[in-house]
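Chains as they are written, first to last, in the numbering used here: chain A, 56 to 298; chain B, 43 to 316.
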Amino acid sequence: MSAYSRTELLIAVIARLLGGVGHVAVGASSPIPGAAAFLAQARSGGDTMRVTVLGSRRHNDFTDGGRELFDCAAQGRIDAFFLGGGQIDGHGNVNLVGLGDYPNLDVRFPGSFGSAYLYFLVPRVILFREEHSPRVLVPKVDFISAPGVSAPEVHRPGGPYGLVTGRALFRFDKSRARFGLASLHPGETVASIKAATGFEFDLAPDIGETPAPDGATLSLIRGPVRDAIAEVYPRFAANLRSD
Amino acid sequence: MVSKNLLSLQALAARVPDGAMLAVPPDYSCVALAATLALIRRGVRRLHLLAVPQSGMQADLLIGAGCVATIECAAVTLGELGPAPRFTEAVKSGRVCIKDSTCPAIHAALQASEKGLPFLPSRGIIGSDLLRVRPDWALIDNPFPPHDPLVALPALKPDIALFHAPFADRHGNVWIGRRRELMTMAHAAKESLVTVEEVRDIDLMADEIFAAGALSSLYVGAIAEAKNGAWPLALPGVYEADEAALRRYAELASSEAGFAHYLSEANAARHAAE
């Protein structure tokens with residue numbers, strides 16, 4: 056099989072987490088999740104899965120302004136969404152605000168965007184952060200933009216589903232508020248993941264190697280997926296190789 | 043009639059008083075950038091800048107030029123070009139006060155104003171530190187089953203909404219198409235100041251298709267013509283962003299001296315165009 060890049064591996068990993076999803080929305084600064092959404096759509100046969108990309112004109116049918124994404128999510132019309140984080144902790148809390156003691160931060164990030172809402176309301180939120188290091192995956196975030204779990208009285212149909220990094224895939228167990236290591240990207244071991252992760256996590260009974268994208272998947276990524284994502288992320292698309 | 047409300051860019055900028063709460067759209071949705079430069083030239087001060095719900099280059103410019111006392115936003119970023127450098131520096135140093143928010147909270151608080159309500163309740167947010175750093179937000183109980191806790195978001199009533207649009211008609215109605223966050227902003231604000239690519243000698247309300255995407259002059263305080271008024275940002279459906287110019291901004295704005303250089307260059311270019 057032809058060689059593939061780490062970006063292509065990550066696109067394929069995330070796309071597999073979108074199986075059976077009816078409507079996936081892609082937020083700001085999310086080229087790899089966006090490509091994964093288009094890949095999942097292409098593999099689903101094209102017509103059964105709706106992909107909404109913020110910032111797109113071709114792949115965004117919202118006509119009621121910026122609020123429509125959030126209103127849709129609150130009604131249960133969005134099944135999957137992506138969040139990143141300057142910090143992510145072992146309870147699934149994400150920090151998009153900054154490092155240090157708020158408001159006197161040592162490092163300032165852009166801000167919480169819609170995380171404090173969509174994390175509660177979208178059933179399958181996939182956390183994605185390519186950098187997998189103790190400075191990103193921390194025991195406790197400095198600022199909770201959005202919490203991983205909520206008290207039972209809080210209306211919360213949504214939450215974290217998995218965490219994809221440049222080294223591994225974790226699943227999230229809501230009842231325990233903990234991540235479980237599910238698969239290792241090529242070249243990684245349980246020990247190397249433990250060394251690179253600042254929080255404690257469980258080990259799934261069947262941890263294997265993250266499967267490599269096959270030829271058909273790579274053809275999709277290098278063809279229609281690349282073309283679709285180029286509208287919003289031209290620089291990212293230019294760096295994906297063509298078929 | 044549009045004649046009495048049709049101003050020069052300078053006169054439009056002069057309508058924004060120091061200390062005003064100024065609502066602006068995100069960088070991808072009809073930013074009045076030429077008017078922003080005119081505001082900076084006029085030396086506006088102590089703005090409460092409300093990003094609906096996020097901003098980028100526009101907020102960075104106003105903050106870098108010392109026009110902003112408080113920024114209320116869900117995020118400020120230059121997107122693929124990285125962090126917004128003047129915003130980041132000013133917030134870290136405490137020179138600008140930040141009211142951190144989340145996108146749907148800003149939309150909902152503006153909708154409260156649209157309806158003349160004191161607040162709107164929202165789900166989500168509970169358990170986020172945003173609730174801790176926003177003492178102006180309150181927890182209430184849903185009075186109906188399942189009686190879950192909700193966050194009460196006080197209405198946001200901007201003094202002015204400022205944005206750019208493709209065109210206005212001879213009566214001062216403005217065509218915004220599908221960019222309906224502009225509609226929410228305009229309804230919520232006391233008045234809107236709008237720059238347009240052109241004023242057309244038509245009546246938007248006489249055409250069903252145009253009327254569906256039109257903001258009534260009822261909400262519009264003044265209009266100014268500004269060709270390429272969003273440049274170097276995109277005007278959706280009319281022109282694309284000028285990527286090279288945006289990259290140049292991101293590079294120069296990373297230092298205070300570079301930012302000043304960019305500003306004088308942009309002002310000179312704008313001056314030549316007017």
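Heads up, the beta-carbon is just placed ideally off N, CA and C, and yes, glycines get one too.
Query, Result
"Assigned exposure category for A/Ala-265 - 16 Cβ within 10 Å defines buried", "Reading the sequence as shown, one finds Thr at residue 265 of chain A and not Ala. Buried, because 16 or more other Cβ atoms sit within 10 Å of the Cβ of A/Thr-265."
"Proximal residues of chain A, C-beta to C-beta of B/Lys-269 below 7 Å", "Within chain A, no residue comes near B/Lys-269; the closest Cβ sits about 22 Å away, beyond 7 Å."
"Other residues of its chain near A/Gly-139: CB distance less than 8 Å, five sequence neighbours each side excluded", "Ser-84, Ser-85, Val-149, Leu-151, Leu-182, Phe-183, Arg-184"
"Other residues of its chain near A/Tyr-157: CB distance less than 7 Å, five sequence neighbours each side excluded", "Phe-198"
"Chain C within 8 Å of A/Thr-272, Cβ atoms only", "This model lacks chain C altogether; the protein chains it does include are A and B."
"For A/Gly-139, three-class secondary structure by DSSP", "coil"
"Min CB distance A/Tyr-216 to chain B below 8 Å", "no"
"Interface positions of the stretch 121-137 of chain B facing chain A (Cβ-Cβ less than 9 Å), listed along the chain", "Gly-121, Glu-122, Pro-125, Ala-126, Phe-129, Thr-130, Glu-131, Val-133, Lys-134, Gly-136"
"Residue-level contact to chain B via CB, A/Ser-167, 8 Å cutoff", "yes"
"Cutoff 8 Å; reference A/Asp-257; Cβ partners in own chain excluding five residues on either side", "Asp-228, Arg-231, Arg-233, Phe-234, Gly-235, Leu-236"
"Residue range of the unbroken alpha helix (DSSP H) whose run includes B/Lys-141", "It is not in any alpha helix (DSSP H) - B/Lys-141 instead sits in the beta strand (DSSP E) that spans 139-142."
"Chain-ordered chain B contacts of A/Glu-208 [CB-CB under 7 Å]", "Asp-190, Pro-191"
"Delimiting residues of the beta strand (DSSP E) encompassing B/Cys-72", "Here B/Cys-72 belongs to no beta strand (DSSP E), and DSSP marks it neither H nor E."
"Those runs of the beta strand (DSSP E) which lie wholly inside the stretch 180-222 of chain A and span at least 3 residues", "215-220"
"Cutoff 8 Å: B/Ala-310 Cβ touching any chain A Cβ", "no"
"Residue range of the unbroken alpha helix (DSSP H) whose run includes B/Phe-129", "127-135"
"Cutoff 8 Å; reference A/Pro-279; Cβ partners in own chain excluding five residues on either side", "Phe-93, Ala-97"
"Under 8 Å by beta carbon: chain A residues contacting B/Glu-223", "Gly-120, Gly-121, Arg-122"
"Cβ-based neighbour list, A/Thr-272, same chain, cut-off 6 Å, excluding 5 preceding and 5 following", "Ala-67"
"Residue interval of the beta strand (DSSP E) (run including B/Ala-154)", "Taken as a continuous stretch (DSSP letters only), B/Ala-154 belongs to no beta strand (DSSP E), being part of the alpha helix (DSSP H) at 145-156."
"Reduced DSSP category for B/Cys-115 - H, G, I as helix; E, B as strand; rest coil", "strand"
"Beta-carbon proximity list for B/Asp-178, same chain, < 7 Å, skipping 5 on both sides", "Pro-196"
"A/Arg-61 versus A/Ser-274, A/Pro-241, A/Leu-73, residue with shortest Cα-Cα distance", "A/Pro-241"
"The stretch 166-173 of chain A contacting the stretch 116-129 of chain B, beta-carbon criterion three pairs below 8 Å", "yes"
"Where B/Phe-186 falls, given that 16 or more other Cβ within 10 Å makes a residue buried", "exposed"
"Under 8 Å from the C-beta of B/Ala-117: neighbouring residues of chain A", "Ala-83, Leu-151, Pro-165, Gly-166, Ser-167, Phe-168"
"Cross-chain neighbours of A/Ile-199 in chain B, by beta carbon under 9 Å", "Gly-169, Ser-170, Asp-171, Leu-172, Arg-174"
"is_contact[B/Gln-96, chain A] using C-beta, thresh 8 Å", "yes"
"The stretch 106-122 of chain A in contact with the stretch 67-82 of chain A per 3-pair CB rule at 8 Å", "yes"
"Proximal residues of chain A, C-beta to C-beta of B/Gly-61 below 9 Å", "Here the premise fails: no neighbours, minimum Cβ distance about 21 Å."
"Same chain, Cβ closer than 7 Å to B/Val-86, neighbours up to 5 away in sequence not counted", "Val-58, Asp-60, Cys-109"
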